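Visitor: Going by my numbering, the letters in the sequence shown line up with residues 157 to 220, in that order. Quick reminder that beta carbons are idealized off the backbone N, C-alpha and C, glycines included. Model, not experiment: these values are computed from the prediction.
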Amino acid sequence: MRRSLVLTNEAARHPFRATLPPHVTRIAEVPPANRMQWRPLLDEVRTFAAVYVSGVVGVTAFIA
Numbered sequence: 157m158r159r160s161l162v163l164t165n166e167a168a169r170h171p172f173r174a175t176l177p178p179h180v181t182r183i184a185e186v187p188p189a190n191r192m193q194w195r196p197l198l199d200e201v202r203t204f205a206a207v208y209v210s211g212v213v214g215v216t217a218f219i220a
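(1) What is the DSSP secondary structure of residue 219, counted as helix, strand or coil?
(2) Can residue 181 and residue 173 be called in contact, C-beta distance under 9 Å?
(3) Hey, how far is the Cα of residue 209 from the Cα of residue 219?
(4) Helix, strand or coil for residue 185? Go by DSSP, reduced to three states.
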């Protein structure tokens, strides 16, 4: 079995993370994805409006 010469990683900043082997805490390089501009669809806007209005009506009816 291969062991590290240093048993803790002082850069981990947490006792549990310091005891983990280096390959566990290594962060993989992920290339940035091309992001498209997000726009809400008409169906999403209608659904949000329906849920919002029904919630306001329900709370108002409960209070009144």
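Guide: Result, derived from the coordinates:
(1) Helix at residue 219.
(2) In this structure, residue 181 sits near residue 173, with a CB-CB distance shorter than 9 Å.
(3) Spanning the two alpha carbons is a distance of roughly 15 Å.
(4) The answer is coil: DSSP assigns residue 185 none of H, G, I, E or B.
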